[in-house]
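Trainee: Just so we're aligned, residue 545 is where the sequence shown starts under the numbering used here, counting upward by one.
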Amino acid sequence: MILGHSISSIRPLSQASRRWSAIAPQSVQQFKRYACQIHHPTKLGQLRAKLRGFGQGHVELDLNHSPGLALLTLSNPEKHNALTGKMMAELADCIDFLEEAVTKPTLPVLSSESALILKNGGTTLKTLEPEHRQILEGLVGIIVTGAEQKSYCAGLDLSAAKTTLLTPQAGSEMAALMVSTLTRFLRLPLITIAAIEKAAIGGGAEMTTWCDHRCIADQAKVQFVQTQMGVVPGWGGASRLLNIVPRSTALRLLGAAEPIHGGQQALQLGFAQLTSPKGGAVASATEYMQSYVWEKRPDQNLSGGARRYVPAVRAMKKIVSVGMDHDNIERVSELEKDLFKQLWGSPDNLTRVEAASSKKK
């Protein structure tokens, strides 16, 4: 599992190589070769196929949970929504689908092996129709939660893993797939929020760190229990946590496995942006995300409302995602310039500039 953790943080890889190459150049080169091999798309595809047959549970993606917002649900309620190999594969399938949805003008196509469940406003879809393309074009955000208001996610389903995933090699392979999947999730040009009920434990706590925002219900608990299990985070959660809370706080949460009890403590630590009543995390997260969807929300008694320009919201997410790499400010600036060029002078931009000019008069 140590090796699995070593490959779990993609950004610090080059930094670590520079830092230690003078001390142990041969070890660094071996490590870099292994990391490249295991993160190769072909290898990751093989790992996904291998994991697909392990365990129960499933992943659901409701494309139309609310206008502009999708709902991604981790469903293994009997095991507190812990992830099985099957669910890890379906989570990767889900990111494939979303990447295609936001980059191509055609409807995404799921592989025949995938058991990912797609929904439209709660209704299961057997096939995608042309009208679903419009829903996908309007997506600006994703809410991630656990099924049946059970735990958000209890990490790895150990009952499903004990015969297949508890060797060092299997652990490193599992970590490689999860880090790849969650990194791709982070880089989606969609705003994301974790709606946390009851508990997010171990790998489940790590998964909350890959979202842009976190909503924690009253009495819910988030705990990085990896040191209690004799390991370290393997899904990239440690490096992500350092982008969310101060270093000293991260050390307490990770090294001492101190739990975060409830929304108020999460707010005080800077880990969460909002709280909700027990059982209301998804509803509160949905409400919080409305400001990314609407400039002027439709009144219940009146028709209308003004939607935000989707390409602009998505472009801002891209800039922020790249901007997290503080060592690459030139690349961030170039990306901002390129995206500004793409959006400035568009019909929507010109309409909004004209409207703003009229208001000033």
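Glycine included, each C-beta is placed from N, C-alpha and C at the ideal position.
Identify whether G685 lies in helix, strand or coil by the three-state DSSP scheme.
Mentor: strand
Trainee: Going by CA-CA distance only, name the one from G690, L730 and R758 that's closest to P621.
Mentor: Checking every option, the nearest Cα to that of P621 belongs to G690.
Trainee: For S658, which residues of its own chain have a beta-carbon under 7 Å away from its beta-carbon, when the five flanking residues on both sides are left out?
Mentor: E634 and D637
Trainee: Excluding the 5 residues flanking L557 on each side, which residues of the same chain have their C-beta closer than 6 Å to its C-beta?
Mentor: At L557, the pLDDT of 37 sits below 50, so the modelled position is not reliable; the number obtained from the coordinates is stated separately. So no residue of the chain qualifies.
Trainee: Across which residues does DSSP place I863 in a beta bridge pair?
Mentor: DSSP lists no partner for I863.
Trainee: Tell me the start and end of each unbroken alpha helix (DSSP H) in the segment 776 to 841 that is at least 4 residues and wholly inside, in chain order.
Mentor: 781 to 785, 791 to 799, 806 to 813 and 825 to 837
Trainee: List, from N- to C-terminal side, the alpha helix (DSSP H) runs of 4 residues or more that fit wholly inside the segment 645 to 718.
Mentor: Qualifying alpha helix (DSSP H) stretches, in chain order: 674 to 681 and 702 to 705.
Trainee: In chain order, what residues of the same chain lie with their CB nearer than 6 Å to the CB of I686, ignoring the 5 residues before and after it?
Mentor: A614, L616, L734 and T736
Trainee: In the structure shown, what three-state DSSP assignment does E604 receive?
Mentor: In the structure shown, E604 sits in a strand (DSSP, three-state: E or B).
Trainee: So, with DSSP's three-state summary, where would you put T895?
Mentor: helix
Trainee: Check whether the segment 601 to 611 touches the segment 669 to 686, counting contact only when three or more Cβ pairs, one atom from each stretch, lie closer than 8 Å.
Mentor: Result yes; three or more Cβ-Cβ pairs closer than 8 Å.
Trainee: Ends of the alpha helix (DSSP H) at K753?
Mentor: What sits at residue 753 in the sequence shown is Thr, not Lys. Note, T753: alpha helix (DSSP H), G747 to T753.
Trainee: Return the CA-CA distance between M718 and T830, expressed in angstroms with no decimal places.
Mentor: 31 Å
Trainee: Within its chain, find whatever has a CB closer than 6 Å to the CB of K822; leave out the 5 residues flanking it on each side and keep chain order.
Mentor: A761, D762 and Q763
Trainee: Is it a yes or a no for the segment 785 to 800 touching the segment 706 to 722, going by three-plus beta-carbon pairs under 8 Å?
Mentor: no
Trainee: I think G699 touches G747, with their Cβ atoms under 8 Å apart; what is that distance to the nearest whole Å?
Mentor: 3 Å
Trainee: On the CB-based measure, 16 or more other CB atoms within 10 Å of its CB, does G665 come out buried or exposed?
Mentor: exposed
Trainee: Consult DSSP for T519 and reduce its assignment to one of helix, strand or coil.
Mentor: Nothing in the structure corresponds to residue 519, since the chain is present only between 545 and 905.
Trainee: Just reading off the beta strand (DSSP E) that H757 is part of, what are its end residues?
Mentor: Start and end: H757 to A761.
Trainee: Helix, strand or coil: which one does DSSP assign to K623?
Mentor: For K623, the secondary structure class from DSSP, reduced to helix, strand or coil, is helix.
Trainee: Which partner residues does L615 have in the DSSP bridge list?
Mentor: D606 and I687
Trainee: Considering only the alpha carbon of each residue, which of E750, K742, K765 and R731 lies closest to V864?
Mentor: R731
Trainee: Just curious, the beta strand (DSSP E) that Q736 is in, first and last residue?
Mentor: The question names Gln, but residue 736 is Thr in the sequence shown. I735 to I740 is the extent of the beta strand (DSSP E) around T736.
Trainee: Among S703, S890, M868 and L595, which residue has its Cα nearest to the Cα of V854?
Mentor: For V854, the closest alpha carbon among the candidates S703, S890, M868 and L595 is that of S890.
Trainee: If you reduce the DSSP assignment to three classes, tell me which class S553 lands in.
Mentor: Any answer about S553 is weak, because its pLDDT of 34 lies below 50 and its placement is not dependable; what the coordinates show is given next. It is coil, neither helix nor strand.
Trainee: Any idea if R791 is buried or exposed, counting beta-carbon neighbours within 10 angstroms, 16 or more meaning buried?
Mentor: exposed
Trainee: In whole angstroms, give me the CA-to-CA distance for I639 and G780.
Mentor: 17 Å
Trainee: Measure the C-alpha to C-alpha separation of K765 and N625 and round it to an integer number of angstroms.
Mentor: 14 Å
Trainee: Measure the beta-carbon distance from S703 to K630 and round it to whole angstroms, keeping in mind my assumption that it falls under 8 Å.
Mentor: Rounded, the Cβ-Cβ distance is 13 Å, inconsistent with contact.
Trainee: Would you decide whether E673 is buried or exposed? Buried here means 16 or more other CB atoms lie within 10 Å of its CB.
Mentor: exposed
Trainee: Whose C-alpha, out of L660, K742, W838 and L785, is nearest the C-alpha of G814?
Mentor: L785
Trainee: Using C-beta distances below 8 Å, list every residue in its chain close to V646, excluding the 5 sequence neighbours before and after it, in chain order.
Mentor: L680, L683, L732, P733, L734 and R858
Trainee: Give the DSSP-derived three-state secondary structure of A743 in the structure shown.
Mentor: strand
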